[in-house]
């Protein structure tokens, strides 16, 4: 503890610990040596995790933080290493994950004068972090004051990252040499950590609750639950739905499709429902009450935004206020934006509705069509399998079954890759009682960092974790697999390989430029991904067209990395999705017929 | 050409073309469709290059731009895709490479309202780009004005990126849907491009030149040439050295060690020379005249910064002024900083010295010791090989020989990986007549993006290109290999695999925390990298301890990817480097003995 930096860093880390940080991801380097030394010292209260690629390391930390619902820190050396944190910072901000970026830096006198590995890290993540501070260098001459500053900065970083809406915070920490001295000092709390900072979640205004309790009953209303990194309060929201007699449309990433809460009013096929013109027109609501981020389903979002915009009263409930980067009104049509904790709001409104006897006709319209769609889609997927044709929706059904069977006391987790996988999960992951948590990176919805997010979830979870991912996304974050073997984790990856970007086949680019579509949008990579699995010491299995629940369950039960690859064709995938939606539409129309007659 | 975005984008691209852009790297996506459509249309004057990972794509563009000495653009879709450009932007700024970042964006009304794949891209790269603009959306109602704006923005981006000091520029380009329409319109210049913007390189002040021409003769002076992305003017600088009778100390990335200029005064073993205490003390200069960035050699930089700082007059010559991020005085000891084009400055000073007969004693001191060091180091490396022990310096000698033999009319290129490879190249890449260009990413000196930079060099070069890289750096940018097969390139990689970060074994961390040094700094990854080579369709060869010039030359001559792996031991590597420096020191001392006697 002779070096000023050692006492300074330990005070900072103690305050992060008091603020809830338990896990710290370490990307190796020289300049962050005081952090690495402290984190790995005897008696360190932290679990340090080594990672070799800073881009993946930050996404790995994000995956852990999302899974745990607590802030996770990641540290790196100075230079472009720090710049590699930006993608995960962007995602953490928008998907509200508490992430603490600890970038080591050269001291101020080395900045902007051509010194090696010195780049402008002050405010490097711009608007993409909730708060950033450039810390002073630890110096013997003012060490007591500087240690107090470090404690304060650590406490604030943890609090800023954690309080709603959660998000990233950045501490840039300059160090002068020497960075280390001989003698392996154990980690001891030598300075009291800073005060724990506590902020109450925003409470609903009782005036607003009373007004809504008077206004909403008797109207045809929809509760819409979008993606949320910290799961939405399922029990409170379905209770509100029951009190109002309203359907609860649940995105797969909302947390409402799965679990032991009352799912009788939960709609899990909204994407298919609104694709059917008759239903879309019959089901127009008078009120929409939204929780969470924008829905994954583009047809649903479009329907909601464009159907009788002037006759629908739209309410957004969100803990984030207007000044945050989390403002949630992508359609720019909200009539009311209520800043409140969703659970507290739903409970207060439910209480205020006590005694109201809901009319269930509108809920029945949705629930009946939803049941029909679900049955038809299941059947359609089975029929495709029976015909021996690989289909990208199939693994969702099999993953759901295998995870439900494997879920122990701490549940199971399905990580949704972006682009097509999350859309297939939206279509084919149906309501279930088991505690299968579905998570994804829907802040910026990039295909980058998805592998790392899943590996982070595996590192932070006692239950089985599976990832459904496409080939481009798998390849983009291949380095993300490294911690599986290094840290003895267990991850099952279902890799849907259509040799390129399958989602583009659903877009106008396909028909507008047929001659060069495949090269510039479809972008076949031509790689045999079994080599990538071998590189990371995983087991590689090729899936067949039929049900593969057993193969997935076996992989979930085995330690280590399993990659189960389903090879599909992008063109056929469009046609097969069309078949499934067609079958769903038929079934949905059949439920409407008596109403229309 | 019906869509406003099409005319707008083509006007923008025409102006970039007029500003010198010929190559554009395209990362696939939907939002950047108007750019992709134009770049790949019949009649497009651009060479578009597909890449699947935006981080690598930007470094690939950087590698091309560095090789070509002309601005190269890279485009991507909205969201975290854009954030992945940051590391290369940081590097391009500090290593002065003209890079143009074209990020597609959602339109302003989708920003900060929770819309999908919409993140704050305005000013996303902060101080790390020389100039950034958030373009307006193309709209029919004001299209003529907007097209003029796009032309102006394209011209400015190309000029800003190109003019000294070169660097990155960022255009954020929002698009509203529709992004494409049917009908494959050829690329035609329908609007005149903007005026070409030309800036003169900064000319030296004649007052300063005259003063130096009077002051410098007769003093013991050193010309120090550091790394530079656009090669330093070798002929002009060595002519100045000859006129003054001063040694020219050449970093391997300065461009002065190799080529047909007079290399008789070029010192290529400065790192070894200043490690020898007797030489370090005998060779203290009175004047240091610096060109380029800080030297790769830490011993040399330390010697220069700490040896009699008050008695050495230090002059920095650089085209960049004090307001740029390229200020080059890491030791904070410059006595004069001269803003001038290095070639023009050297020529003017040489002309002003005409008639001066230099005293060569100080040059002889350096040159004699340098020759002795070089001979001793060559012999030491051969002796290690003869003992059958793999040594990380060996491949540098073999690469130099193979590249010299393979260099055609357009020369050959050696790309230096960061951390140990560039230091080994500093030690073992000796002066040669052949046109073997040595390049590296010494702006921020990160180990990221190195593979992509080399692949970009291969894409931009008619001659053979080889990369010397360590295992962590190779793994970090593994995706960077993808374009080799996709675009039919030829790259030879010599991979020095010591299963971790070899440089840390040279640092105090090794001895200060012996119990956990290997895990947290050495960081063995444990991967069999032959799988990584197989993934990208390359040939994998394991190198022996002896000379492998033939194997390298054969790889250089073959199309496609060759990875030649030398497996070494990190601990032994420290000892072997010590042996070599010891042998060099002996030889250097022998040249000093008569002087001391």
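Protein chains in written order, with the working numbering: chain A, 1 to 597; chain B, 598 to 1194.
C-beta: ideal position from N, C-alpha, C; glycine also.
Quantities reported herein were computed from a predicted structural model and do not represent experimental measurements.
Measuring only between beta-carbons, confirm whether residue 337 of chain A sits less than 8 angstroms from chain B. For the purposes of this step, residue 337 of chain A is taken as residue 337 along the first chain, with counting starting at 1. Output row for residue 337 of chain A: interface = no.
Leaving aside the five residues before and after residue 18 of chain A along the sequence, list all residues of the same chain whose C-beta is less than 6 angstroms from its C-beta, in chain order. One-based indexing of the first chain puts residue 18 of chain A at position 18. Closer than 6 angstroms at Cβ, skipping near neighbours: 193 and 196.
Thinking C-alpha only, which one of A/494, A/489 and A/519 is nearest residue 500 of chain A? Indexing the first chain from 1 puts residue 500 of chain A at position 500. When only C-alpha atoms are compared, the closest one is A/519.
One question on the structure: do residue 26 of chain A and residue 50 of chain A come within less than 8 angstroms of each other, judged by their Cβ atoms? Numbered from 1 along the first chain, position 26 holds the residue referred to as residue 26 of chain A. Numbered from 1 along the first chain, position 50 holds the residue referred to as residue 50 of chain A. Yes.
Closest by C-alpha distance to residue 682 of chain B, when choosing among B/722, B/649 and B/717: Residue 682 of chain B sits at position 85 when you count from the first residue of the second chain. The shortest C-alpha separation from residue 682 of chain B is found at B/722.
Pull out every residue of the stretch 78-89 of chain A whose Cβ sits closer than 7 angstroms to any Cβ of chain B, in chain order. If the cut-off is 7 angstroms between Cβ atoms, the stretch 78-89 of chain A has 79, 80, 81, 83, 84, 86 and 87 near chain B.
Looking at the structure shown, is residue 934 of chain B part of a helix, part of a strand, or coil, going by DSSP? Along the second chain, read from residue 1 onward, the residue named residue 934 of chain B stands at position 337. Reduced to three states, the DSSP call for residue 934 of chain B is strand.
7 angstroms CB neighbourhood of residue 147 of chain A in its chain, flanking five on each side removed: Here the question's residue 147 of chain A lines up with position 147 in the first chain. Answer for residue 147 of chain A: 7, 8, 11 and 191, listed in chain order.
I'd like to know whether the C-beta of residue 706 of chain B is nearer than 8 angstroms to at least one C-beta of chain A. Numbered from its first residue, the second chain carries residue 706 of chain B at position 109. Chain A contact via Cβ: present.
Reference residue 802 of chain B; option with closest CA among B/1121, B/720, B/915 and B/834: Position 205 of the second chain, counted from the start, is the residue given in the question as residue 802 of chain B. The option with the nearest alpha carbon to residue 802 of chain B is B/915.
Residue 872 of chain B, enclosing alpha helix (DSSP H) - first and last residue: Counting from 1 along the second chain, the entry for residue 872 of chain B is found at position 275. That run of the alpha helix (DSSP H) goes 867-872.
If I measure Cβ to Cβ from residue 1040 of chain B and keep anything under 6 angstroms in the same chain, skipping five residues before and after, which residues do I get? As a first step, residue 1040 of chain B must be located in the second chain, where it is residue number 443. Result list for residue 1040 of chain B: 688, 691 and 692, in chain order.
Chain A contacts made by the stretch 690-714 of chain B, where a contact means CB separation under 9 angstroms: 690, 691, 706, 707, 709, 710, 711, 712, 713 and 714
What number of angstroms, rounded off, separates the C-alpha of residue 1047 of chain B from the C-alpha of residue 1158 of chain B? Position 450 of the second chain, counted from the start, is the residue given in the question as residue 1047 of chain B. Position 561 of the second chain, counted from the start, is the residue given in the question as residue 1158 of chain B. Roughly 15 angstroms separates the two Cα atoms.
Measure from the alpha carbon of residue 716 of chain B to the alpha carbon of each residue in A/237, A/553, A/334 and A/326, then state which is nearest. As a working note, residue 716 of chain B is residue 119 in the second chain. Ranking A/237, A/553, A/334 and A/326 by Cα distance to residue 716 of chain B puts A/326 first.
How about residue 297 of chain A: is its C-beta nearer than 8 angstroms to some C-beta of chain B? Along the first chain, one-based indexing puts residue 297 of chain A at 297. It does not: the Cβ of residue 297 of chain A has no partner Cβ on chain B nearer than 8 angstroms.
Between the CA atoms of residue 228 of chain A and residue 399 of chain A - distance to the nearest angstrom: What you label residue 399 of chain A is simply residue 399 of the first chain in a count that begins at 1. What you label residue 228 of chain A is simply residue 228 of the first chain in a count that begins at 1. So the two alpha carbons sit approximately 21 angstroms from each other.
Consult DSSP for residue 577 of chain A and reduce its assignment to one of helix, strand or coil. Here residue 577 of chain A refers to the residue found at position 577 when the first chain is read from its first residue. Three-state result, residue 577 of chain A: helix.
Proximity test, Cβ basis, 8 angstroms: residue 1043 of chain B and chain A: On the second chain, position 446 is the one that residue 1043 of chain B refers to. It does; some Cβ of chain A falls within 8 angstroms.
Based on the DSSP output, what are the partners of residue 565 of chain A in its beta bridges? Start at 1 with the first residue of the first chain, and residue 565 of chain A comes out as number 565. Residue 565 of chain A pairs with A/495 and A/542.
Examine the Cβ distances between the stretch 646-663 of chain B and the stretch 800-820 of chain B and report whether three or more of them are shorter than 8 angstroms. no
Run through chain A and tell me which residues come within less than 7 angstroms of residue 721 of chain B, C-beta to C-beta. In the second chain, the residue the question calls residue 721 of chain B occupies position 124. In chain order: 126.
Bounding residues of the alpha helix (DSSP H) (the contiguous stretch that carries residue 172 of chain A): Reading the first chain from its first residue, position 172 is the one you call residue 172 of chain A. No alpha helix (DSSP H) contains residue 172 of chain A, which is instead part of the beta strand (DSSP E) from 168-174.
Across the stretch 501-508 of chain A and the stretch 475-482 of chain A, are there enough close Cβ pairs to call them in contact, namely three or more that are closer than 8 angstroms? no
From what residue to what residue does the beta strand (DSSP E) around residue 645 of chain B run? For the purposes of this step, residue 645 of chain B is taken as residue 48 along the second chain, with counting starting at 1. Counting along the chain, the beta strand (DSSP E) containing residue 645 of chain B begins and ends at 644-647.
Rank A/333, A/496, A/14 and A/452 by C-alpha distance to the C-alpha of residue 707 of chain B and give the top, closest one. Numbered from 1 along the second chain, position 110 holds the residue referred to as residue 707 of chain B. Of the listed residues, the one whose Cα sits closest to residue 707 of chain B is A/333.
If you count every other CB in all the chains shown that lies within 10 Å of the CB of residue 667 of chain B, and 16 or more means buried, which is it? Locating residue 667 of chain B in the second chain gives position 70, where the first residue counts as 1. Residue 667 of chain B comes out buried.
What does a CB cutoff of less than 7 angstroms around residue 1194 of chain B pick up in its chain, not counting 5 residues either side in sequence? By 1-based counting over the second chain, the position of residue 1194 of chain B is 597. Below a pLDDT of 50, predicted positions are generally treated as unreliable, and residue 1194 of chain B, at 41, falls in that range; the measurement from the model is reported next regardless. Cβ neighbours of residue 1194 of chain B beyond the five flanking positions: none.
List, in order along the chain, the chain B residues whose C-beta lies closer than 7 angstroms to that of residue 488 of chain A? What you label residue 488 of chain A is simply residue 488 of the first chain in a count that begins at 1. Those do not exist, as residue 488 of chain A stays about 12 angstroms from chain B at its closest Cβ, beyond 7 angstroms.
So, with DSSP's three-state summary, where would you put residue 462 of chain A? In the first chain, counting from the first residue as 1, residue 462 of chain A sits at position 462. In the structure shown, residue 462 of chain A sits in coil (DSSP, three-state: anything other than H, G, I, E or B).
The stretch 947-961 of chain B contacting the stretch 828-842 of chain B, beta-carbon criterion three pairs below 8 angstroms: yes
How long is the line joining the alpha carbons of residue 660 of chain B and residue 643 of chain B, rounded to whole angstroms? The residue labelled residue 660 of chain B in the question sits at position 63 within the second chain. The residue labelled residue 643 of chain B in the question sits at position 46 within the second chain. Going from the Cα of residue 660 of chain B to the Cα of residue 643 of chain B covers about 17 angstroms.
Taking the C-alpha atoms as reference points, what is the distance between residue 100 of chain A and residue 201 of chain A? Residue 100 of chain A sits at position 100 when you count from the first residue of the first chain. Residue 201 of chain A sits at position 201 when you count from the first residue of the first chain. Whole-angstrom Cα-Cα distance: 20 angstroms.
Which class does residue 577 of chain B belong to by DSSP, given the choice of helix, strand or coil? One cannot answer for residue 577 of chain B here, as it falls past the ends of chain B, which runs 598 to 1194.
To which residues of the same chain is residue 965 of chain B closer than 7 angstroms at the C-beta, ignoring the five residues directly before and after it? Taking the first residue of the second chain as position 1, residue 965 of chain B is located at position 368. Cβ within range, chain order: 1188.
In terms of residue numbering, what span does the alpha helix (DSSP H) encompassing residue 1021 of chain B cover? Position 424 of the second chain, counted from the first residue, corresponds to residue 1021 of chain B. Its alpha helix (DSSP H) spans residues 1017-1025.
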